[in-house]
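Student: There's a structure below that I have some questions on.
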Amino acid sequence: MNEAVLELRKIARHYREGDARLDILVDVNLKIFSGETVALLAPSGTGKSTLLHIAGLLERPDSGETLIRSAPTTSMTDTERTRLRRASIGFVYQFHHLLPEFSALENVALPQMINGLGRGEAQKRARQLLDYLNLGERSTHRPFELSGGEQQRVAIARAVANAPDLLLADEPTGNLDPRTADHVFTTLMTLARSTGLSALIATHNMELAEKMDRRVTLRDGRIEAMP
10 MNEAVLELRK
20 IARHYREGDA
30 RLDILVDVNL
40 KIFSGETVAL
50 LAPSGTGKST
60 LLHIAGLLER
70 PDSGETLIRS
80 APTTSMTDTE
90 RTRLRRASIG
100 FVYQFHHLLP
110 EFSALENVAL
120 PQMINGLGRG
130 EAQKRARQLL
140 DYLNLGERST
150 HRPFELSGGE
160 QQRVAIARAV
170 ANAPDLLLAD
180 EPTGNLDPRT
190 ADHVFTTLMT
200 LARSTGLSAL
210 IATHNMELAE
220 KMDRRVTLRD
230 GRIEAMP
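Right under this line is the structure:
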């Protein structure tokens, strides 16, 4: 049976606002299997960013368990969670968050070097990724010299540079015009399917979501399947 790369099991998360308690996630259960792409379609304010942060080990739930390839993570130390996150999870956000003083190549190589790879090998792999994403001729350009679509494709290359098992994306095409968004999304899906990468992608774009394997939404703090 196909292994779950990510499992969220009875996840709950709440915040305090004065004397009031805001229940953001109540009983979230979700499995994402190896090679599967899942769209998270949910309105703003429903907790999808919180869910992605918990799935990506950036935030701890108040109760419940996040499992990465069947390994429970809630009781891990911060150091252990950071190590696992660095090795197994890639992130893409609505804004690219590229380092402005570095070239596209350097932005993609840096996470690999932080993970222990030598500079030469990191740059070789970064060049291969940029070539695959049709950015080879732009590899020496800094972010401000790239278009919005190019910046986001570099961000995707950086997210997968360490060959993660899971990609988490929060509105990765939200700042792009429809044509560029479609191109970036197609690139992301092609990369995921060619490498067997699992992905959970939050988006408001139903047309893009329909190109993914499965669609879910957040309603009243719980995950529900969509047609």
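Sequential numbering from 10 applies to the sequence shown in the working numbering.
The C-beta atom is built at its ideal place from N, Cα and C for all residues, glycine as well.
Keep in mind that this is a model prediction, so the values were computed, not measured.
1) What's the gap between the Cα of Pro109 and the Cα of Arg151?
2) Assuming Arg231 contacts Ala48 (C-beta within less than 8 Å), just tell me the rounded distance between them.
3) Where does Glu45 fall in DSSP's three states?
4) Look up Phe100 in the DSSP assignment and give the residues it is bridged to.
5) Jot down the residue ranges of each uninterrupted beta strand (DSSP E) in the stretch 81-139, minimum 3 residues, whole runs only, in chain order.
6) So, at 8 Å on beta carbons, what are the nonlocal neighbours of Asn171 in its own chain, with the 5 sequence-adjacent residues on each side left out?
7) For the beta strand (DSSP E) that His23 lies in, which residues bound it at each end?
8) Tell me whether Thr212 sits in a helix, a strand or coil according to DSSP, three-state version.
9) Do you know offhand how far Asp179's Cα is from Leu217's?
10) Nearest CA to the CA of Asp186: which residue from Gln132, Thr204 and Asn214?
11) Give the DSSP bridge partners of Lys40, in chain order.
12) Suppose the cutoff is 7 Å on Cβ atoms and the five residues either side in sequence are ignored; what does the same chain contact list for Ala64 look like?
13) Write down the C-beta distance between Gly126 and Val169 rounded to the nearest angstrom, noting that I regard them as a contact closer than 8 Å.
14) Just the Cα atoms here: how many angstroms apart are Glu45 and Asp222?
15) Take Thr182 and list the residues in its own chain whose beta-carbon comes closer than 6 Å to its own, dropping the five residues that flank it on each side.
16) I need the straight-line Cα distance from Asp140 to Leu93, nearest angstrom please.
17) Closest by CA to Leu50, which one among Leu61, Pro70 and His105?
18) Can you tell me whether Arg90 is buried or exposed? The criterion is at least 16 other CB atoms within 10 Å of its CB, across all chains shown.
19) Can you look up Leu34 in the DSSP assignment and give me helix, strand or coil?
Tutor: With the given structure in hand:
1) Whole-angstrom Cα-Cα distance: 6 Å.
2) Ala48 and Arg231 do not touch by the CB rule: their CB atoms are close to 17 Å apart, not below 8 Å.
3) In the structure shown, the three-state DSSP call for Glu45 is coil.
4) For Phe100, which the question treats as bridged, DSSP gives the partners Leu177.
5) Qualifying beta strand (DSSP E) stretches, in chain order: 98-101.
6) Contacts found: Arg95, Ala96, Gly99, Pro120, Gln121 and Asn124.
7) Residues Ala13 to Glu26.
8) When DSSP states are grouped into helix, strand and coil, Thr212 belongs to the coil group.
9) Using only the alpha carbons, I get a separation of about 14 Å.
10) For the residues Gln132, Thr204 and Asn214, the minimum Cα distance to Asp186 belongs to Asn214.
11) Within the DSSP secondary-structure output, Lys40 pairs in a beta bridge with Glu16.
12) Leaving aside the five residues that flank Ala64 on each side, the residues in its chain whose CB is nearer than 7 Å to its CB run, in chain order, Leu15, Leu17, Thr75, Leu177 and Leu209.
13) Inspection of the sequence shows that residue 126 is occupied by Leu rather than by Gly. About 14 Å separates the two Cβ atoms, so there is no contact after all.
14) Each residue's alpha carbon lies about 6 Å from the other.
15) Excluding the 5 residues flanking it on each side, Thr182 has same chain C-beta neighbours closer than 6 Å at Ala190, Val193 and Phe194, in chain order.
16) When rounded, the separation of the alpha-carbon atoms in Asp140 and Leu93 is 28 Å.
17) Restricting attention to Leu61, Pro70 and His105, the CA atom closest to the CA of Leu50 is found in Leu61.
18) That one is buried.
19) Reduced to three states, the DSSP call for Leu34 is strand.
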